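Peer 1: Note that my numbering gives residue 440 to position 316 of the sequence shown, counting from 1, and the numbers run on in steps of one.
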Amino acid sequence: MSMIVQTDEVLTLLAELTTMVGREDPYPRFDRLRRIGPVLRADDGALVVTHHADCAAMVRDPRLGHMPPEMLAFLGFPDWEEHPALRMLFTSMLTADPPRHTRLRRLVSSTFTARRVAALRPAIGAMVDDLLDGLASGKADLVDAFAFPLPVNVIGELLGVPVADRAQFKTLVRDWTRILEVVDGDVLRTADPAAATIMRYLSELADERRRAPGDDLLSALVAVDGLTDDEVVTMAALLFAAGFETTTNLLANSVVALLRHPSQLARLRDEPELAEPAVEELLRWDSPVQIVSRLVNEPVELGGVTIPGGERVVAYLGAGNHDPLRFPDASSLVLDRADNAPLSFGGGIHYCLGAPLARLEAQVALPALVRRFPDLALDCDPVRRDSLSIRGYLAVPVTT
């Protein structure tokens, strides 16, 4: 049987991952953590798993759930419901367990359908073409000019958020989602007003859709029997934020990876049939979502260790995606990798509802970008976002 390991090396490696140096390239540190042991103990008491099999089991096992919001009191926030950032996150489907999660997921799944997503392909292609026209000037920040406006306009179009109102959400969502990394007074001073602004805007827009429904997802949500007004706003906020935040980082991470692997970039340019497997490999290579955490509700075995109830377990999805036991030659980018199963969208009942949309956007956008600009190159080093949970770039300066 394996055992839980906590050594100076484990604590040092985990501490390095909280720094910008460690976050710039966490994968060598993930490799070292995997070699030390399957279940590690962090200095805050949480357990850490880094192997693909254990990460996959953790996100699928119903014996592990999310931290109930009442536990925020132990973090110093007994008044969590008075903080818009905490209330919007901890009353959402993202952090709910059954039976509440089951009810919310079923209700929203009836509106966020595969047919509705697939019907967006022509519109996505047109948006991509328009954005590529704007990149033809020679120099640009790929995040501002492409990786952000594409998904925010796609999800904005799907939800029915007016075009003129979409750009503001880039900063608002980034400020709100800082609580995914850490919850303290400093973070909440930024996250709370951002969340309050998002909630106020979407509440007013939902009221408009009740008065004058359109052919959009928000109109469909307000018409769902069983969703309260607060649940509609929270669901819309979650769908909108996740709809562009993850995909923006997927696009930016993918372009940087391709530019740093020119032979694979050339393959994607010359072999359009690679679009689907290429996106899976790029998701594996540098996942936009790197970490998920769960609370053990019933004893469960991970990595040969029996974990008792009450423990908090953190799965490093980015480490699992680079596990050589699951992915041969894991340290190489291989766009046509066979039997690819990245953990980037989670798993089980919490598998990302927007995964088909994110995949579709990347499958359309990335081949079009590299075909349109065969001389695409980094103009200088991209600027990494200061986060480990959500991995991406603030800026990717390129020349076309």
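All C-beta atoms, glycine included, are put in the ideal place defined by N, C-alpha and C.
Computed from a predicted model, the values in this text were never measured in an experiment.
1. Out of curiosity, what's the CA-to-CA distance linking Val241 and Val129?
2. Please work out which residues of its chain come closer than 8 Å, Cβ to Cβ, to Met359, disregarding the five sequence neighbours upstream and downstream, and give them in chain order.
3. Thinking C-beta only, is Leu171 closer than 8 Å to Val437?
4. Closest by CA to Leu199, which one among Asp168, Ala181, Ala177 and Leu188?
5. Leu459 and Ala402 look like a contact to me (Cβ under 8 Å); what is the Cβ gap, rounded to whole Å?
6. Which same chain residues end up closer than 7 Å to Arg153 when comparing Cβ atoms and leaving out the 5 residues on each side of it in sequence?
7. Thinking just about the alpha-carbon of each residue, which of Ala390, Ala366 and Val520 is nearest to the one in Arg495?
8. With a threshold of 8 Å on Cβ separation, who are the neighbours of Gly189 within its own chain once the five nearest residues in sequence on each side are excluded?
9. Would you check if there are 3 or more beta carbon pairs closer than 8 Å linking the stretch 261 to 271 to the stretch 513 to 521?
10. Considering only residues of the stretch 126 to 186, which uninterrupted alpha helix (DSSP H) runs meet the minimum length of 4 residues and lie entirely inside it, listed in chain order?
11. Identify, in the order they occur along the chain, each residue of the same chain with its Cβ nearer than 7 Å to the Cβ of Thr235, setting aside the five sequence neighbours on each side.
12. So, under 8 Å CB-CB, Pro208 and Ala320 are touching, yes? Tell me the CB distance rounded to an integer number of Å.
13. Quickly, what does DSSP pair Ser353 with across the bridge? List them, please.
14. At 3 residues or longer, and completely inside the stretch 237 to 274: list those beta strand (DSSP E) runs for me, N to C.
15. Report buried or exposed for Pro192, applying the criterion of at least 16 other Cβ atoms within 10 angstroms of its Cβ.
16. DSSP state of Leu502, grouped into three classes?
17. Would you tell me roughly how many angstroms separate the C-alpha atoms of His175 and Glu332, rounded to the nearest one?
18. What alpha helix (DSSP H) runs, 4 residues minimum, are completely inside the stretch 344 to 430?
19. Which residues in the same chain have their Cβ closer than 6 Å to the Cβ of Gly161, if we skip the five residues on either side of it in sequence?
20. List the residues that DSSP assigns as beta-bridge partners of Pro521.
21. List the endpoints of the continuous beta strand (DSSP E) containing Val232.
22. Could you compute how far the alpha carbon of Ile248 sits from the alpha carbon of Thr372?
23. Only counting the same chain, and skipping five residues up and downstream in sequence, which positions put a Cβ closer than 7 Å to that of Gly427?
24. Shortest alpha-carbon distance to Ala166 belongs to which of Glu133, Val276 and Asp155?
25. Inspect the CB distances between the stretch 497 to 510 and the stretch 379 to 398 and report whether three or more fall short of 8 Å.
26. Return the CA-CA distance between Leu407 and Cys476, expressed in angstroms with no decimal places.
27. Whose C-beta lies closer than 8 Å to the C-beta of Leu484 among residues of the same chain, with five residues either side of it excluded?
28. Need the endpoints of the alpha helix (DSSP H) that Val311 sits in, please.
29. In angstroms, rounded to a whole number, what distance separates the CA positions of Glu395 and Ala376?
30. Enumerate, from N- to C-terminal direction, the unbroken alpha helix (DSSP H) stretches of 4 or more residues contained entirely within the stretch 431 to 516.
31. With the cut-off set at 8 Å, would you say Ile303 and Val311 are in Cβ contact?
32. Could you give the residue range of the alpha helix (DSSP H) that holds Asp299?
33. Give me the Cα-Cα distance between Pro275 and Ser513, rounded to the nearest whole angstrom.
Peer 2: Looking at the atomic coordinates:
1. Looking at the two C-alpha atoms, the distance is approximately 44 Å.
2. For Met359, where only same-chain residues beyond five positions count, the Cβ hits under 8 Å are Ser216, Met217, Leu228, Val232, Leu345 and Leu351.
3. Leu171 is positioned such that its CB atom lies closer than 8 Å to that of Val437.
4. Looking only at Asp168, Ala181, Ala177 and Leu188, the smallest Cα-Cα distance to Leu199 is reached by Asp168.
5. Here Leu459 really is in contact with Ala402; their C-beta atoms are around 4 Å apart, less than 8 Å.
6. Result list for Arg153: Leu137, Glu140, Leu141 and Gly146, in chain order.
7. Shortest Cα-Cα distance from Arg495 to any of Ala390, Ala366 and Val520 involves Ala390.
8. Taken in chain order, the residues that qualify are Asp221, Arg418, Leu419 and Asn421.
9. The stretch 261 to 271 vs the stretch 513 to 521: in contact.
10. Fully enclosed alpha helix (DSSP H) runs of no fewer than 4 residues occupy 132 to 140, 144 to 148, 151 to 160 and 176 to 184 of the stretch 126 to 186, in order along the chain.
11. Cβ within range, chain order: Leu341, Ala344, Leu345 and Val348.
12. Between Ala320 and Pro208 the Cβ distance is about 4 Å, and since that is below 8 Å, they are a contact.
13. It is worth fixing the name first, because residue 353 is Asp in this sequence and not Ser. DSSP, once it has assigned bridges, lists no residue as partnering Asp353.
14. DSSP assignment within the stretch 237 to 274 yields the following whole beta strand (DSSP E) runs of 3 residues or more, N-terminal first: 263 to 265.
15. The residue is exposed, with fewer than 16 neighbouring Cβ atoms inside 10 Å.
16. Look at Leu502 here: in three-state DSSP terms it is strand.
17. In this model, His175 and Glu332 are separated by some 48 Å (Cα to Cα).
18. If one requires a minimum length of 4 residues, the alpha helix (DSSP H) runs lying completely within the stretch 344 to 430 are 353 to 383, 386 to 394 and 399 to 409, in chain order.
19. Apart from the 5 residues on each side of it in sequence, Gly161 sits with its Cβ closer than 6 Å to the Cβ of Val129 in its chain, given in chain order.
20. Under DSSP, Pro521 shares a beta bridge with Asp265.
21. No beta strand (DSSP E) contains Val232, which is instead part of the alpha helix (DSSP H) from Arg224 to Ser233.
22. Going from the Cα of Ile248 to the Cα of Thr372 covers about 14 Å.
23. Hits under 7 Å: Ser126, Pro162, Val163, Val173, His175 and Asp178.
24. When only C-alpha atoms are compared, the closest one is Glu133.
25. Yes, since at least three Cβ pairs between the stretch 497 to 510 and the stretch 379 to 398 fall closer than 8 Å, the two stretches touch.
26. If I take the Cα positions, the gap works out to 13 Å.
27. Val241, Ala242, Leu244, Arg245 and Ile248.
28. For Val311, the enclosing alpha helix (DSSP H) starts and ends at Gly309 to Arg335.
29. Approximately 21 Å between the Cα atoms of the pair.
30. With a minimum length of 4 residues, the continuous alpha helix (DSSP H) runs that stay inside the stretch 431 to 516 are 441 to 444 and 479 to 496.
31. Going by C-beta atoms, Ile303 is nearer than 8 Å to Val311.
32. Its alpha helix (DSSP H) spans residues Phe293 to Trp300.
33. Roughly 20 Å separates the two Cα atoms.
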